[in-house]
Structures are given as structure tokens and as C-alpha cells.
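Participant:
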């Protein structure tokens, strides 16, 4: 707890906008996974190798997607980063801290495929849950919940019950809840997996905007190639049994909302390009093809 | 057939949501009234069936090939419903100052209610504490749960005199063990079981994601218990409380009989059944009193239910977290 990590400096380097997502050497990586294996014992004496020799470095402010077929261990990797699972071998550091320490310091927020809102709490009450657990005063909690609801576009729903919201709205509340402690890292486990395609695309645009406004580092687990390409700076393609990262694909889409400070080709003001424009350019399709081929090369799915 | 038939099928009525959203949670006025009327109707139908059988049933009972298959419908075995009510107003014994049957039943009911209530509250407290202990430590659950289950297979009739026997020799500080305490203890013994099992199930019901979420907050066990497990257990606790309330009443009445405790409904049933061969109306009155005690307890649990759920959102399903509600 004594080591003070430097604050994220997103606009540090003029080369940050370049295709290489590699961070400058001085910067502490947001996430550093080294040689992680995860082995689960199986009833009957055998074992399943869920992750094998995973190395992954995520720069502060970067958006990285983990993609791969079912059972490739992408959710497991996310849980290892969040210290919800202890890896069998290897080391995980989050902003320079050991993973468990980072978890206790509330360095990350997490959201799952099921929104998992507590049905006996209002929307605002759900967002306040982490703050309440950490002893934040009621007035401050209210204030923070209001801010976050505004951020996710649900300002009028503070007093609603989760059961009154649609799936997409519930998922926004879950993301707002994950952001409640102003985490520097956001871990998302297929957050839009249960939504219909239209809602899903809208939510992706929302997430890109939220990331742009908050400057949070994001690791997203997803099944969807277009989703990974649309949102990510880099896509980590994984293969199943044993789960390993077979390829890291850089995605550079002109005109997309990036991290704050990195305006790219787009004006960072109100007239940001529409999400549909981003999805309809050749670079988008090229990246989708690249990811798809990498997945196919990774082995039978 | 080609003539356009009038649209017999009226346009489908708007799917009516059972609970309108503008109402605060827990308030279902119209539905409550309807349910109340239904309950009264059910009682009236039951009385009508009783009288119908009395009117057409064989007075000496029906036999098929020498085997009795139909109960006797004479006035001694099956008094008229109004005779049963009428009996409530009569004196127990024909001496001046004797209580009416109704007053005796009411007094006995009050006695049994007090004892059952002590038993129920004790049972709930013990059941909840056991459930929390079992949820907290796996080893406690492994060690204790089998005995909790076994405890309910011991016949109450065998247990009651034993408890009364132990209790008779106890002095807890200045407090001397009273006989009614044995009865309450036996009521508690029956009542704790559904609470312990239901509550344990509820405390263990939060999904993996909800628990991971609490872990990501670095929440202590106690915080996870307070903010997640306890609220999640409420839908499991409510039916358990209903069972516990019924068990406490039954336990108290049976224990009154088998410990020979005077003053309650159990004893009254024994007293009245001795004269049942000549006048069974009184016995029915005592049974009616027992049923009313049961109803009162069911009502108490309903009040508790309202108190425990008034803050909840609707669409509450066991499991603690909402699933996708369509988008």
C-alpha cells in the first residue's frame, strides 16, 4: 500500500495515437499479466487447463478486447485480472499493484453479462451499493449516483426498481455501478451478450462515449467480432483448451472516439462521427476480417 | 358462409398487468378485498356441504359389503352448523356463575396463543441463528444439518413428557421452570426447523456474479451478509415462516395434551371429547377455536410479510438479482 502509483497521463506522449499501442517505457502499465496458467481440478481426479502461458500488457487508457470461442478462458482471464480467481502460476499486476491489493484498493470496477442488479434496491440504490460498502456518506452517495445516471443517460430513473427497466437499461445501471468508485480500470464480461442486436449497437456507442469521457482503461470479454473491433484499440484473440492468446490485433479506425486527449482525426467536440459511420468504413471491415481469420487460425471452434 | 359474420371475437383485451405501476409496492387493495370475499365464500360453501351431507347422508353411516365407507350423519356425530354455534352460548355446567362454552374457548385460545407465540418467536430466533451459523461456516452446516433434519423425525408425543420431566427440575436463577414453558419449548422445537432450512437456503441463494461483485468491492463477510445474503433470503424466509407458525400452533396444542397442561385449547379438546358421545357440538367448538388460533397466526405472518417486503420492487423472484426483463 506504500507504493504510490503515478496518476494516468493519457496525453503524455505525442506518439500515443500511433498504431503501436505499446506504452512508453516510463509508464506503469494498467494491467500486466505474466506467464499466467490457470488449472482447475475436475471431479474424478483430472484437471482442465483453462489458461496457459498468458502474457498481456494493457496500457493506461487503452481498450482491449478478449475474444475467442466458448471455453477459451477469456472470462477466466478477466477474473484472474480482477483477483476473483487466483492463478495457478504467474503474476498479475494492476497499475503496478499486486492483483489482490488492487482489488482491495478499488482499482477496478466490474460488470457481467447478467446486470445482476439487486431487485430490492432502486436504480440509485444499486449504484450506491459499492459506495455504501465502503462507508461513503449518504449525501455524497446520492450525488455520485446522480452524476453516474447522467453519464449513462438514465437521469430520470433514479427511483425506479430494476424490474421496471429493460435489459439494456439494466446493463447501463450495471456499468454505472462499476464506475461508482471512479476506477482506473473497467472489467466487462460480455456485458451486452444478452441484448438484442439493435440495443447492443447502441450500448456499444454508449460505452465508447463513456470511455472517452472518463478515460478509463477497459478490458472487454466478448463473443462478437464487430463489437470487439468497434470498441477496441487492440483485440486479443484466444484459442481454447488450453486457453492462450494466439494473436494481438491492432485496430485503428479513423474518426472513432478514443481516449480523452487523443482526438485522433475526429473533432472531440459535439459533432463526433456517428457510430454507424465508423461501422461502415473499409478499415472496420478489414479489421473484422483480420480478427475472423485469426480466430479461424486459432483452431476448430 | 361468405357473409361477413359480425366480429364475434372482440378485440383481445389489453393484457392487464396484475399490479398497476402507479401503486406503491405491497398495496393490492382490490385484490385483497376479492381474496377476503373468496375466503368467506369458501367457509359458507363448506357449511353448505356439511348440511347437504347431513340431509342426504345415512344417519347410521353407510356400509359397502360390511365395510363402513360413509360417516354417520346423525345429530350426535354431525351436529348442525347452527347447533355448533349455538353451543358457544350455553353454560359449561349448570351451576350459577359457570362460564359459557364460548367464554371457555376464548380463554383457552388466549392461553394457547400466548404459549404458541413464545414458541414461535423462540423457534424463529433459533432457526435464524442456526441458519446464519451454517451459512457462515461450511463445517457447521456439515455437522449440524443432519441433526436438524433428524430432530424432526422424533415423534412429538414421545418428546413432550420428556421435556416436561426435565423442565420440572430446572431453576434458572430466580426463574422457576413453568409447565407452559415446556409447551412453548416443544412449539419452538417444531417451529425452528422450517426457518432454519428455508433461511439457510435463502442465505445460500445469491448467484455467483453477485458474490463476485461483493468480492470485487472487497466487502467483508458481514457486509456481504447484510447487503446481499440477508435481503436475498427474504423470499425464502416467508414461506418458512408460514410453516413455522402452523407448526408452533400444532406443537403447542399437542404438547398441552401430552404434558397434561391445563388452560389451553389442547386440554379443552380432551375435556370436551369425553362428552362427545352425547354432545359433540362442544368438541367442534374447541376444534373451531384451534382453527381460529391457526388463522390468527397466519395473519400475523402476513403482517410480517408486508413489513419485510414493503420496500421491495415488484417482480421479485427468488435469486436475489433481476434477470433480463426484455429490452
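Residue numbers (our numbering), protein chains in the order written: chain R, 35 to 335; chain E, 6 to 332.
Positions of the beta carbon are idealized from the N, C-alpha and C atoms, including for glycine.
Give the residues of chain E in contact with residue 226 (chain R), contact being defined as C-beta atoms less than 8 Å apart.
Facilitator: Those do not exist, as residue 226 (chain R) stays about 10 Å from chain E at its closest Cβ, beyond 8 Å.
Participant: Are there three or more Cβ pairs, one per stretch, closer than 8 Å when the region 160 to 167 of chain E is compared with the region 88 to 97 of chain E?
Facilitator: In short, these stretches do not touch, since the Cβ pair count stays below three.
Participant: Which of helix, strand or coil does DSSP assign to residue 17 (chain E)?
Facilitator: Since pLDDT at residue 17 (chain E) reaches only 43, below the 50 mark, its modelled position is unreliable, and the value read off the structure follows with that caveat. Of the three classes helix, strand and coil, the one that applies to residue 17 (chain E) here is coil, per DSSP.
Participant: Does the beta carbon of residue 217 (chain E) sit closer than 9 Å to a beta carbon anywhere in chain R?
Facilitator: yes
Participant: By the 8 Å beta-carbon criterion, what residues does the region 201 to 232 of chain E contribute toward chain R?
Facilitator: 212, 214, 215, 217, 218, 219, 220, 221, 222, 223, 224, 228, 232
Participant: Specify the secondary structure class of residue 83 (chain E) as computed by DSSP and reduced to three states.
Facilitator: coil
Participant: By Cβ distance below 6 Å, which residues in the same chain neighbour residue 318 (chain E) in space, the five residues on each side in sequence not counted?
Facilitator: Residue confidence is low: residue 318 (chain E) scores 49 on pLDDT, short of 50, so the model does not pin down where it sits. No coordinate-derived value is stated.
Participant: Quick one: what's residue 277 (chain E) bridged to in DSSP?
Facilitator: Residue 277 (chain E) pairs with nothing; no bridge assigned.
Participant: Just to confirm before moving on: does the CB-CB distance between residue 87 (chain R) and residue 64 (chain R) stay below 9 Å?
Facilitator: no
Participant: Using a Cβ-Cβ distance under 9 Å, would residue 121 (chain R) count as near chain E?
Facilitator: Interface criterion not met: the Cβ of residue 121 (chain R) is under 9 Å from no Cβ in chain E.
Participant: Is any beta-carbon of chain E found at less than 9 Å from that of residue 113 (chain R)?
Facilitator: Cβ-Cβ to chain E under 9 Å: yes for residue 113 (chain R).
Participant: What residues from chain R crowd round residue 244 (chain E), counting only those whose CB sits closer than 8 Å?
Facilitator: Result: empty, since nearest Cβ-Cβ is about 17 Å, beyond 8 Å.
Participant: Kindly indicate if chain E contains any beta-carbon less than 9 Å away from that of residue 166 (chain R).
Facilitator: yes
Participant: Output the distance between the C-alpha atoms of residue 247 (chain R) and residue 245 (chain E), rounded to the nearest integer angstrom.
Facilitator: 49 Å
Participant: Among the residues of its own chain, which have a CB less than 7 Å from the CB of residue 62 (chain E), if the five just before and after it don't count?
Facilitator: 75, 78
Participant: How big is the Cα-Cα spacing for residue 287 (chain R) and residue 170 (chain R)?
Facilitator: 40 Å
Participant: In whole angstroms, what separates the C-alpha of residue 134 (chain E) from that of residue 53 (chain E)?
Facilitator: 46 Å
Participant: I believe residue 92 (chain E) touches residue 188 (chain E) by the beta-carbon criterion, under 8 Å. Please report the beta-carbon distance rounded to the nearest angstrom.
Facilitator: Not a contact, Cβ separation roughly 27 Å.
Participant: Where does residue 108 (chain R) land, buried or exposed, given buried means 16+ other C-beta within 10 angstroms?
Facilitator: buried
Participant: How many whole angstroms separate the CB atoms of residue 201 (chain E) and residue 148 (chain E), which I take to be in contact at a CB cut-off of 8 Å?
Facilitator: That pair is no contact at about 14 Å.
Participant: Could you spell out the range, first to last residue, of the alpha helix (DSSP H) harbouring residue 142 (chain R)?
Facilitator: No alpha helix (DSSP H) contains residue 142 (chain R), which is instead part of the beta strand (DSSP E) from 142 to 145.
Participant: State yes or no: is the C-beta of residue 290 (chain R) within less than 9 Å of the C-beta of residue 242 (chain R)?
Facilitator: yes
Participant: DSSP on residue 265 (chain R), reduced to helix/strand/coil?
Facilitator: helix
Participant: Am I right that residue 110 (chain R) and residue 72 (chain R) are in contact with their C-beta atoms under 8 Å? What's the rounded C-beta distance?
Facilitator: 5 Å
Participant: Is residue 38 (chain R) helix, strand or coil by DSSP?
Facilitator: The pLDDT assigned to residue 38 (chain R) is 48, lower than 50, so where the model puts this residue is not dependable; a value taken from the coordinates is nonetheless given after this. In this structure, residue 38 (chain R) counts as coil in the three-state DSSP scheme.
Participant: Quick one, are the C-beta atoms of residue 196 (chain R) and residue 207 (chain R) less than 9 Å apart?
Facilitator: yes
Participant: First and last residue of the beta strand (DSSP E) that includes residue 254 (chain R)?
Facilitator: 251 to 256
Participant: With H, G and I counted as helix, E and B as strand and the rest as coil, what does DSSP make of residue 74 (chain R)?
Facilitator: Here residue 74 (chain R) sits in strand by DSSP.
Participant: Considering Cα atoms alone, identify which of E:291, E:266, E:247 is closest to residue 128 (chain E).
Facilitator: E:247
Participant: Can you have a look at residue 75 (chain R) and say buried or exposed, based on whether 16 or more other CB atoms are within 10 angstroms of its CB?
Facilitator: The residue is exposed, with fewer than 16 neighbouring Cβ atoms inside 10 Å.
Participant: Is residue 150 (chain R) close to chain E, meaning its C-beta is less than 9 Å from at least one C-beta of that chain?
Facilitator: yes
Participant: Helix, strand or coil for residue 324 (chain E) per DSSP?
Facilitator: Any reading at residue 324 (chain E) must be qualified, since the residue scores a pLDDT of 41, below 50, and its modelled position is unreliable; the value itself is stated next. Looking at residue 324 (chain E) - three-state DSSP - the assignment turns out to be coil, as it is neither helix nor strand.
Participant: According to DSSP, what are the bridge partners of residue 96 (chain E)?
Facilitator: Per DSSP, E:105.
Participant: Just to confirm before moving on: does the CB-CB distance between residue 257 (chain E) and residue 109 (chain E) stay below 9 Å?
Facilitator: no
Participant: Helix, strand or coil: how does DSSP classify residue 316 (chain R) here?
Facilitator: helix
Participant: Within the same chain, show all residues whose beta-carbon is closer than 7 Å to that of residue 211 (chain R), passing over the 5 residues directly before and after it, in chain order.
Facilitator: 160, 161, 163, 164
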